[in-house]
Amino acid sequence: MIDWLQHLPIYPIVVPLVAGAGMLLLADTRRRVRAFIALCSTVLQLAAAVALLALAAGAGDIWPQGIGVYLPGDWPAPFGIVLVVDRLAAVMLTLTATLGLATLIYSLAHWDRAGVHFHSLFQFLLMGLNGAFLTGDLFNLFVFFEVLLAASYGLMLHGSGSARVSAGLQYIAVNLVASFLLLISIALIYGVTGTLNMADLAVRAGQLAGGERQLFEAGAAILGVAFLVKAGAWPLNFWLVNGYGAASPPVAAMFSIMTKIGIYALLRIGSLLLPTGAPAAFSLDWMFAVGLATLIFGGVGILASQQLGKLVGYCVIVSAGTLLTALGMPGVTLTGPALFYLVSSVLGTGAFFLLIELIERTRSFGASVLAVTMDSFDLDDPVAPNRPNDVVGVAIPAAMAFLGLAFVACALLVTGLPPLSGFVAKFSLLSAAVTAVNTSAPPMDGWLLVAAVLLSGLAGLMALGRAGIRSFWGGDDRITPRLRLLEAGPVAVLILLCVALAAGAGPVSAYLDAAAQSLDKPELYIEAVLGKLPVRPLGGH
Numbered sequence: 148m149i150d151w152l153q154h155l156p157i158y159p160i161v162v163p164l165v166a167g168a169g170m171l172l173l174a175d176t177r178r179r180v181r182a183f184i185a186l187c188s189t190v191l192q193l194a195a196a197v198a199l200l201a202l203a204a205g206a207g208d209i210w211p212q213g214i215g216v217y218l219p220g221d222w223p224a225p226f227g228i229v230l231v232v233d234r235l236a237a238v239m240l241t242l243t244a245t246l247g248l249a250t251l252i253y254s255l256a257h258w259d260r261a262g263v264h265f266h267s268l269f270q271f272l273l274m275g276l277n278g279a280f281l282t283g284d285l286f287n288l289f290v291f292f293e294v295l296l297a298a299s300y301g302l303m304l305h306g307s308g309s310a311r312v313s314a315g316l317q318y319i320a321v322n323l324v325a326s327f328l329l330l331i332s333i334a335l336i337y338g339v340t341g342t343l344n345m346a347d348l349a350v351r352a353g354q355l356a357g358g359e360r361q362l363f364e365a366g367a368a369i370l371g372v373a374f375l376v377k378a379g380a381w382p383l384n385f386w387l388v389n390g391y392g393a394a395s396p397p398v399a400a401m402f403s404i405m406t407k408i409g410i411y412a413l414l415r416i417g418s419l420l421l422p423t424g425a426p427a428a429f430s431l432d433w434m435f436a437v438g439l440a441t442l443i444f445g446g447v448g449i450l451a452s453q454q455l456g457k458l459v460g461y462c463v464i465v466s467a468g469t470l471l472t473a474l475g476m477p478g479v480t481l482t483g484p485a486l487f488y489l490v491s492s493v494l495g496t497g498a499f500f501l502l503i504e505l506i507e508r509t510r511s512f513g514a515s516v517l518a519v520t521m522d523s524f525d526l527d528d529p530v531a532p533n534r535p536n537d538v539v540g541v542a543i544p545a546a547m548a549f550l551g552l553a554f555v556a557c558a559l560l561v562t563g564l565p566p567l568s569g570f571v572a573k574f575s576l577l578s579a580a581v582t583a584v585n586t587s588a589p590p591m592d593g594w595l596l597v598a599a600v601l602l603s604g605l606a607g608l609m610a611l612g613r614a615g616i617r618s619f620w621g622g623d624d625r626i627t628p629r630l631r632l633l634e635a636g637p638v639a640v641l642i643l644l645c646v647a648l649a650a651g652a653g654p655v656s657a658y659l660d661a662a663a664q665s666l667d668k669p670e671l672y673i674e675a676v677l678g679k680l681p682v683r684p685l686g687g688h
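Residues 148 to 688 (this note's numbering) make up the sequence shown, in order.
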């Protein structure tokens, strides 16, 4: 049993890789077999993530420090590939698998048949996400970024349509530039330090001086810009709203976690480099300023949006700005609440992206044209075009009541109103900000964070209230849609998970606070990675 658990960190990468590659060998007509394989793969990933979540908390005493290190090639760091699991990585893996399973089930209603190789691309996307959260070196972070981006390019264009293709090409171009910047930064950092292992890099970075230190900081600055593009930070997020709004609903829902990869990378690398004198690209003051600007930009965008798809896209930007601003505060007082907010916002926006398509079915053609005209005369609806009509599954009763309640729940989640997890997340975040003001943080920064979060929530409440009135009470020409269980079920489950987060806020917050405290002790991470010995010593037989 112990040996099986020791190999568990590789499962979230190997399982989707094998499933995705295997489905490419099946004929396109064998859709049920593909769907079954995809479901089994995603369920296994969720089970592995939950097990890693328990192991990182100390279950079984397998990882005494709560940090598991796996050497796929059985070469010690920094010479070989390293996978590292701690509380933060386990949380992100579980969140990815949970959202992935919900969106996959939703796609089975019809979206998986709107194009070719949907299930394989979806599994490769999960593989890239899981690998990015697990990897312990920068080069493999770049590799997994490229895997998930390559899959996301195909998923972004899934379903065709002129609006989707136009937004997809912009999305591809921007991410190719970001990947190029990431590769340049990795080359500069390796040229100076001679290593790309994050733990080893944290040791060597503190020993640099003079010209080498300046070159390292230039590489780190480029690295930070690349991560900010992927995090959706202002002013590098001009591509996000159109891209997310034009994607098919299950793809857009899955994309809601992709902006969090950039934030995860900034948090992970920044926590390791902070004791060595973090480069300017990872300094807290810089991150706070960018996050505050992103938060303001997202709030203004929410007020200006008329289409639900774009409105939720700006909610993703607001969540990114909130996280960057909170993580830019000194100490770890806000890190635990910020992680709680991250989990709640991903589940909430994911459910909202799925719900948008269902709400669109209630609108007549004239109402759709009116709403689109109000949005800067952009006459292309990113949700309605090329929607497949062949839905499968059992229809649910009281469809309009479900849509209304689900919309209210999603609005409460993204605006941070009680009683759901969005309120718990924002309340704990604001409480931590006030506490930080009274202890270590600059007073002005803390109050700016409080004001920006409250005002962005107010902007979201006004915009979503307006959108809800227009969607449900704006006219007498509403159409009662037939909602399938495969579509309504995932939305309901994601919302219920947010209810469970609010009900179990104590244990969840304790776990996330422990993850934050672990990040504040990078020496534990460094010791675990560099001290991990191969199963077979070098030169052994």
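We treat Cβ as the ideally placed atom computed from N, Cα and C, and that holds for glycine.
Model, not experiment: these values are computed from the prediction.
Bridge-paired residues (DSSP) for residue i
i, result
"residue 284", "344"
"residue 161", "Its beta-bridge partners do not exist; DSSP assigns none."
"residue 230", "217, 282"
Rounded separation between residue i and residue j - CA only
i, j, result
"residue 287", "residue 401", "22 Å"
"residue 250", "residue 611", "23 Å"
"residue 501", "residue 554", "11 Å"
"residue 295", "residue 273", "7 Å"
"residue 414", "residue 280", "11 Å"
"residue 508", "residue 673", "53 Å"
"residue 155", "residue 421", "30 Å"
"residue 387", "residue 271", "21 Å"
"residue 186", "residue 252", "8 Å"
"residue 331", "residue 461", "30 Å"
"residue 657", "residue 242", "17 Å"
"residue 499", "residue 557", "6 Å"
"residue 417", "residue 472", "14 Å"
"residue 211", "residue 348", "24 Å"
"residue 529", "residue 449", "Summary for residue 529: the model assigns pLDDT 39, below 50, so the residue's position carries little reliability; its value from the coordinates is reported in the next sentence. Looking at the two C-alpha atoms, the distance is approximately 17 Å."
"residue 679", "residue 345", "14 Å"
"residue 247", "residue 670", "33 Å"
"residue 453", "residue 614", "7 Å"
"residue 735", "residue 338", "For the chain, the structure presents residues 148 to 688; residue 735 sits outside this window and is missing."
"residue 282", "residue 225", "12 Å"
"residue 591", "residue 468", "17 Å"
Residue i Cβ short of 7 Å to the ligand FAD heavy atom set
i, result
"residue 291", "Ligands are entirely absent from the displayed structure, and the ligand FAD is therefore not among its contents."
Contact belief for residue i with residue j at Cβ below 8 Å, rounded distance in angstroms
i, j, result
"residue 561", "residue 607", "6 Å"
"residue 439", "residue 599", "6 Å"
"residue 269", "residue 230", "With 8 Å as the limit, residue 269 and residue 230 do not qualify as a contact, their Cβ atoms being about 22 Å apart."
"residue 633", "residue 256", "4 Å"
"residue 635", "residue 549", "6 Å"
"residue 317", "residue 389", "7 Å"
"residue 648", "residue 492", "In fact, because the Cβ distance is near 11 Å, the residues do not count as touching under 8 Å."
"residue 399", "residue 480", "In fact, because the Cβ distance is near 33 Å, the residues do not count as touching under 8 Å."
Own chain, CB closer than 8 Å to residue i, minus 5 neighbours either side, in chain order
i, result
"residue 742", "Shown here, the chain extends from 148 to 688; a query on residue 742 therefore has no answer."
"residue 644", "245, 494"
"residue 158", "191, 192, 195"
"residue 333", "285, 286, 289, 343, 366, 370"
"residue 233", "203, 213, 214, 215, 662, 665, 672"
"residue 486", "235, 238, 659, 662, 663"
"residue 175", "263"
Proximal residues to residue i (C-beta, below 6 Å), its chain only, five neighbours per side dropped
i, result
"residue 409", "374, 377, 378"
"residue 484", "575, 576, 579"
"residue 451", "none"
"residue 136", "With the chain represented from 148 up to 688, any question about residue 136 goes unanswered, as that position is not in the structure."
"residue 329", "289, 373"
"residue 570", "563, 564"
CB contact check: residue i to chain B, cutoff 8 Å
i, result
"residue 234", "Of the protein chains in the structure, only one exists, and it is not chain B."
Beta-carbon contacts of residue i that lie in its chain and below 7 Å, excluding the five residues immediately before and after
i, result
"residue 603", "442, 445, 446, 465"
"residue 619", "551"
"residue 565", "none"
Complete runs of the alpha helix (DSSP H) confined to the region 655-680 [at least 4 residues]: Taking only runs of at least 4 residues, the alpha helix (DSSP H) segments lying wholly in the region 655-680 are 669-677.
Uninterrupted alpha helix (DSSP H) stretches inside the region 163-208 (no shorter than 4 residues): Runs of the alpha helix (DSSP H) inside the region 163-208: 178-203.
Minimum length 4: unbroken alpha helix (DSSP H) runs contained in the region 470-498: Within the region 470-498, no run of alpha helix (DSSP H) reaches 4 residues while sitting entirely inside it.
Any alpha helix (DSSP H) of 4 or more consecutive residues that is wholly inside the region 559-630: The qualifying runs are 568-584, 590-619.
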